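What follows is one structure encoded as structure tokens, with my remarks underneath.
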Amino acid sequence: MFKRIQVKIGRSSDGSLQNFELKSVVDQYPKMASSSSAETKLATAKTVLSTAASVAATAMLVRSIAQDFLPHEIQHYFFSGISSFFSRFSSQLTMVIEEFDGLVNNQIYEAAEIYLGSKVSPSTHRIKVSKPEKENNFTITMESNQEIVDVFNGVKFNWILVSRHPCNIFEHCYMYLVTLDTYIVRLQVESNFHNPRDLNSTLRSEVRSFELSFHKKQRDLVLNSYLPHIVKQSKSMKQEKKTLKIFTVDYQNMYCNIAEAWIPTNLDHPATFETLALDSDIKSFILHDLERFIKRKEYYRKVGKAWKRGYLLYGPPGTGKSSLIAAMANHLNFDIYDLELTELSNNSELRRLLVAMANRSILVVEDIDCTIEFQDRMAESRALHPHGSQEKQVTLSGLLNFIDGLWSSCGDERIIVFTTNHKEKLDPALLRPGRMDVHVHMSYCSPSGFRLLASNYLGIKDHLLFGEIEEQIDMTKVTPAEVAEQLIKSDEPGIALQGLIEFLKVKKKENEEADEEAKRKQAEVEAKEAEAEAEIKDKKDDNDEKKMPSPSSLFSAYASMAASMMLFRSMANELIPHPVRGYLVSSLRYLFKTHSPKLTLVIEESNGISRNQVYEAAEIYLCTKISSNTERIRVSKSPKGKSLTIRLEKGEMLVDFYEGIELKWRFICAESQQKDPNDPFSPPRSEKRFFELTFHKKHKDRVLDCYVPYVLERANAMKDEERVLKMYTLNSCHPYNGVKWESINLEHPATFETVAMDQDLKNAVIEDLNRFVKRKEFYKKVGRAWKRGYLLYGPPGTGKSSLVAAMANYLKFDVYDLQLANIFRDSDLRKLLLGTANRSILVIEDIDCSVELPDRRHGDGRKQPDVQLTLSGLLNFIDGLWSSCGDERIIIFTTNHKERLDPALLRPGRMDMHIHMSYCTYHGFKLLASNYLGIHNHHHLFGEIEDLMKETDVTPAHVAEELMKSEDVDVALEGLVKLLKRKKLEGDEFEDEAEKKNAAQAAKRQKTGKQQRKPVRNNRRNSTKRTSNRLSAKKTILY
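Put into structure tokens, the structure is as follows:
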């Protein structure tokens, strides 16, 4: 029998080889040959299967016998020998870089994770994408079991991210106890045992590590050059993508974990040195000083000084101290740590917070002159408290050691900034060089500062009115914040500048009156201070020999508490040694690796402990892409939701198209751990959910730079459309966690159409709101936080709460109702601010009587021992660095008595628009009559009602109540006429009585010779002035 070989070759139209076929043809005995060949192949297959089964059974038997009868030491010796034998034939060295090293993070792992995110190669098929809610940039990292090849100095390095479930690592752990009778007792330890102090224990759902493989001869290159290069590059990349943070003290967790002593949030303050209305010479000096500081690390080391710098910013309120700090942080890319000294009880807490700070940061203590009453270094306060019952134990000595003692060297490249409105009140020990190296006077607005503000806000370099304005500014004490508030009122330069001129004239007159009053008060204060100094001096003489304990004792006590613990647990080797297993897995991966053109983005539900914003956006966006091919979806509806919620069911796939790119989405749910039904103490089953987005690799940049941001933008728009307005209040039922927000749906029906306000006033408010929400880029350009403050003042019942609800409904903003009486610390105030969302309204009603705030002067005795909420803390909350922690926010204060408020609360930048909610006008009455009675035309009683309203103070609430009493128009209006007549009669009697009291008081003052003025809390004026000024007062808007 012989065979003939038949070859078929096909070519395409252009002549290239298209296919090749080789066929064996049997000429003789075809049937017999075919039958014989089939039987032979079947017999061979049976033999192979039988042999494989025998080998497998033998291997299982040997493994079982070895585990049951061979001691652990012999197994270990045998496997070590095999491992040593195979390692001789390998030229590769593998470095394992685990995520954690005991209780601390592995810095090399973090650096490699950042570095490799930028090294996605053509062989990579899957990467992970995430974005925390408050971060600005996407995070791209490797997916599990993916390989990346990097080249450094001409040498190739293979990286693999390995993720293993802990129970696959610790399958068998044994302990052996040898008794006196030489019997060996083996105790098997369950694989799910975990050490609660070990971050690598089986409590984690997975253990992650990088494996770096390279030739053994490159070991020194890796250790001495490659890994340091990765650490350096990752730091640079991290700094470029860094989102600035501002930190506040977490008083509740200060002693739990030092890493949790500070709470961070994003710092979004747009201030830069280009937008600061600061003298150009001072600005240049600060910039030069900062640049010299950050470049002189070796210089500070050479001269033996801690690498830090101190700045004292002093000047009146509104001169830009907080903006300068934000500009310094943005210029240096430094985080800010805002320290509130009123929170601290002793010097050790001060040191603990310093240790918890990161390098390359700015420590800020605002209003240092009034945040806390320091004990001086001569134990003056101990004389005042002979029994040692002082409330605070933070001493001036402790603060000095904190900023310039041994503890100041616990960190590098730090800046310390103190701010004050009264430099003269500070202890000279705080001001010397080495503590506050640079003193920056933040003075009133200068002509050059005005020109910069005009350029930023109005976009003009010169104008005909500049000369007159500069002359007025030279003669008037006006802050940059006040000038900026006048310029922001109008986009038309002429109107804005004319308004500024009128404001400067009024301000000049107020300054002259204030100077006279200040001189008189200063004389009184100096006399009181002289008496207090004499009293303190007398008490000093009686306590000369008393000394405060040395700070070294506190240092020693704190140092003795510092300790670190590393817990190690023994690990049994598996049946196949790790080098052999690694070699086999690498070989199989290389053989079966498919060179697919597809790239898959893995979008997990969470990124560590924070939610992945990309996952949430994809979940919302994909519900609009459900097609006829989708087989399963999930539908739900919350009890107070507006519409149904539609989501993909696990395993479902959707196809989306973006600019001609095909993108395939798949929703996957994987069980990360299964609960053991026989073990009641086993951890419960958990589910890992994520989206997979697959597309061609050539579109990677387009997808990451355009498509993913598009998904985020569309999801945010859909959330706004379906948004249910919420109103938040405080829940103080957490004594150890402080106060928290809890919400309920806001269903207040008030709108601007239903609010009984003067039409001009209403239009002004609406126009101001519209300009505010459309000017995000404008606020960033001028370096101001994107917020707006409104003060609503007037008698009760004039519609202040209804106006707040109308503003919320108009803008679709949530409302946060803050009760200051439930706040005990400034840090609680900041935590609540961090808990408020963007696009929201923060309301503090009845600010004049909600809480007694200690003022900014020393010696205010109204402060309660257990209440540490200060006016300074409230001011920093609404207009300091913390006001920039969020965008598109409105702050509203309401009060019945504007004259009782501290002037610091009312300045522009805090309360930008003052709205007088006065008594009901005739226009307001007509609107109420239309809403309540459906009267759209004239009625015969309208004329009488109009005349009575000019002479009577009646609130819209009273008018509305009368109109609700009857559905009959005539009856309701006649009842209103009777109410107005009765109110007029009561008002006349009240005025007569008030005039008598005023006359009696005036006579008494003349008799006693006292010339001091007392505030008049009379809401009514005499009848001759009231009628002529009523209409103008009801339309007043004060900015």
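One gets my numbering by counting positions in the sequence shown from 1 and adding 4 to each.
The beta carbon of each residue, even a glycine, is placed where N, CA and C say it ideally should be.
Keep in mind it's a predicted model, so treat the numbers as computed, not measured.
- Just confirm the distance between the C-beta atoms of His752 and Ala809, as a whole number of angstroms; I'd bet it's less than 8 Å. Along the sequence shown, one-based indexing puts residue 752 at 748. Along the sequence shown, one-based indexing puts residue 809 at 805. Sure, about 4 Å apart at Cβ, within 8 Å.
- Within the same chain, show all residues whose beta-carbon is closer than 8 Å to that of Leu667, passing over the 5 residues directly before and after it, in chain order. Counted from its first residue, the sequence shown places residue 667 at position 663. Only Val659, Asp660, Phe661, Leu697, Thr698, Phe699, Val707 and Tyr711 meet the Cβ criterion.
- Query: Ser793 lies in the beta strand (DSSP E); which residues open and close that run?
  - Reply: If you number the sequence shown from 1, residue 793 lands on position 789. Per the sequence presented here, residue 793 reads as Gly, with Ser not at that position. Segment Lys791 to Tyr797, the beta strand (DSSP E) holding Gly793.
- Residue from Asp519, Pro800, Ile492 and Met146 whose Cα sits closest to the Cα of His920: Taking the first residue of the sequence shown as position 1, residue 920 is located at position 916. With respect to the C-alpha of His920, the residue from Asp519, Pro800, Ile492 and Met146 having the closest C-alpha is Pro800.
- Counting pairs of Cβ atoms below 8 Å between the region 348–356 and the region 475–487, do you hit three or more? No, the region 348–356 is not in contact with the region 475–487.
- DSSP-derived helix/strand/coil call for Ile164: Here residue 164 corresponds to residue number 160 of the sequence shown, with the count starting at 1. In this structure, Ile164 counts as strand in the three-state DSSP scheme.
- Query: DSSP on Lys306, reduced to helix/strand/coil?
  - Reply: By one-based count along the sequence shown, residue 306 stands at place 302. Under the three-state reduction of DSSP output, Lys306 falls in the helix class.
- Task: Reducing DSSP to helix, strand and coil, say where Arg346 ends up.
- Result: Stepping through the sequence shown from its first residue, residue 346 is reached at position 342. According to the sequence shown, residue 346 is Thr rather than Arg. For Thr346, the three-state secondary structure derived from DSSP is helix.
- Message: Here's a check: name, in chain order, each residue in its chain whose Cβ is nearer than 6 Å to the Cβ of Ala561, leaving out the five neighbours to either side.
- Response: What you label residue 561 is simply residue 557 of the sequence shown in a count that begins at 1. With a pLDDT of only 44 at Ala561, under the threshold of 50, the placement of this residue in the model should not be trusted; the figure read from the coordinates follows. Cβ neighbours of Ala561 beyond the five flanking positions: none.
- Message: Can you tell me which residues form a DSSP beta bridge with Gln96?
- Response: For the purposes of this step, residue 96 is taken as the residue at position 92 of the sequence shown. DSSP lists His219 as partners of Gln96.
- Query: Looking at the unbroken alpha helix (DSSP H) that takes in Arg418, where does it start and where does it end?
  - Reply: By 1-based counting over the sequence shown, the position of residue 418 is 414. Arg418 -> not in any alpha helix (DSSP H); beta strand (DSSP E) instead, spanning Arg418 to Thr424.
- Message: Using a Cβ distance threshold of 8 Å, determine whether the region 725–732 contacts the region 818–837, with at least three qualifying pairs required.
- Response: Because the criterion of three Cβ pairs below 8 Å is met, the region 725–732 and the region 818–837 touch.
- Looking only at C-alpha atoms, which of Ile492, Met479, Phe828 and Phe82 sits nearest to Met917? Taking the sequence shown and counting its residues from 1, the one referred to as residue 917 is at position 913. Answer by Cα proximity: Ile492.
- Query: Closest to His219 by CA distance: which of Asn162, Phe946, Asp705 and Glu691 is it?
  - Reply: Here the question's residue 219 lines up with position 215 in the sequence shown. When each option's Cα is compared against that of His219, the closest is Asn162.
- Item | Cα-Cα separation between Val253 and Arg834, rounded to whole angstroms | Here the question's residue 253 lines up with position 249 in the sequence shown. Here the question's residue 834 lines up with position 830 in the sequence shown. Taking C-alpha positions only, Val253 is separated from Arg834 by approximately 9 Å.
- Message: Mapping the DSSP letters down to three states, classify Thr48 as helix, strand or coil.
- Response: Taking the first residue of the sequence shown as 1, we reach residue 48 at position 44. Of the three classes helix, strand and coil, the one that applies to Thr48 here is helix, per DSSP.
- Query: How is the beta strand (DSSP E) around Asp154 delimited, first residue to last?
  - Reply: Indexing the sequence shown from 1 puts residue 154 at position 150. Residues Glu151 to Phe156.
- Task: Compare the Cα-Cα distances from His129 to each of Lys135, Tyr119, Glu117 and Thr145 and report the closest residue.
- Result: Within the sequence shown, the letter at position 125 stands for residue 129. Among Lys135, Tyr119, Glu117 and Thr145, the Cα nearest to that of His129 belongs to Thr145.
- Query: How far does the alpha helix (DSSP H) with Lys249 in it reach, from first residue to last?
  - Reply: Translated into positions along the sequence shown, residue 249 becomes position 245. No alpha helix (DSSP H) holds Lys249; the beta strand (DSSP E) holding it covers Lys249 to Val253.
- Item | Where the beta strand (DSSP E) containing Asp660 begins and where it ends | Translated into positions along the sequence shown, residue 660 becomes position 656. Its beta strand (DSSP E) spans residues Met657 to Tyr662.
- To which residues does DSSP link Lys312 through a beta bridge? Residue numbering aside, residue 312 sits at position 308 when the sequence shown is read from its first letter. Per DSSP, Arg418.
- Query: Do Glu278 and Gly787 have their C-beta atoms within less than 9 Å of each other?
  - Reply: Your numbering for residue 278 matches position 274 in the sequence shown. Your numbering for residue 787 matches position 783 in the sequence shown. The answer is yes: Cβ separation under 9 Å.
- Task: Return helix, strand or coil for Gly402, following the three-state DSSP convention.
- Result: As a position in the sequence shown, residue 402 is number 398, starting the count at 1. Gly402 falls in the helix class under three-state DSSP.
- Go through its chain and collect everything with a Cβ distance to Ile770's Cβ below 7 Å, but skip five positions before and after it. In the sequence shown, the residue the question calls residue 770 occupies position 766. The residues Phe756, in chain order, have a CB closer than 7 Å to that of Ile770 in the same chain once the five nearest residues on each side in sequence are set aside.
- Buried or exposed by the 16-neighbour rule on C-beta atoms within 10 Å, applied to Pro912: In the sequence shown, residue 912 corresponds to position 908, counting from 1. Within 10 angstroms of the beta-carbon of Pro912 lie 16 or more other beta-carbons, which makes it buried.
- Item | Range covered by the beta strand (DSSP E) that runs through Asn270 | By 1-based counting over the sequence shown, the position of residue 270 is 266. Looking at the DSSP string, the run of the beta strand (DSSP E) that includes Asn270 is Trp266 to Asn270.
- Under the three-state DSSP convention, the category Lys132 falls into: The sequence position of residue 132 within the sequence shown is 128, counting from 1. Per DSSP, reduced to three states, the secondary structure at Lys132 is strand.
- Tyr341 (DSSP reduced to helix, strand or coil): Here the question's residue 341 lines up with position 337 in the sequence shown. Strand at Tyr341.
- Query: What's the gap between the Cα of Leu978 and the Cα of Val639?
  - Reply: The residue given as residue 978 occupies position 974 in the sequence shown. The residue given as residue 639 occupies position 635 in the sequence shown. With the sequence shown as reference, residue 978 is identified as Glu, and Leu is not the correct amino acid for it. Glu978 and Val639 have their C-alpha atoms spaced approximately 56 Å apart.
- Item | Residue from Lys969, Lys312, Thr898 and Leu815 with nearest C-alpha to Gly438 | Indexing the sequence shown from 1 puts residue 438 at position 434. The residue with the shortest Cα to Cα distance from Gly438 is Lys312.
- Classify Ser326 as helix, strand or coil using the three-state DSSP reduction. The count along the sequence shown starts at 1 and reaches residue 326 at position 322. Helix.
- Query: So, helix, strand or coil for Glu210, using DSSP?
  - Reply: For the purposes of this step, residue 210 is identified with residue 206 of the sequence shown, where counting begins at 1. Three-state result, Glu210: coil.
- Task: Could you tell me whether the region 272–287 touches the region 448–461, using the rule of 3 or more Cβ pairs below 8 Å?
- Result: Below 8 Å, enough C-beta pairs join the region 272–287 and the region 448–461 to call them touching: three or more.
- Count the other C-beta atoms from every protein chain shown that fall within 10 angstroms of the C-beta of Val59, then say buried if there are 16 or more, exposed otherwise. Here the question's residue 59 lines up with position 55 in the sequence shown. Val59 is exposed by the Cβ-count criterion.
- Task: Buried or exposed for Ala518, please, with buried defined as at least 16 other CB atoms from any protein chain shown within 10 angstroms of its CB.
- Result: The sequence position of residue 518 within the sequence shown is 514, counting from 1. So Ala518 counts as exposed.
- Task: Would you mind working out which of Leu410, Asp416, Leu885 and Ser844 sits nearest Leu750, comparing C-alpha positions?
- Result: Taking the first residue of the sequence shown as position 1, residue 750 is located at position 746. Looking at the Cα atoms, Ser844 is the closest of the given residues.
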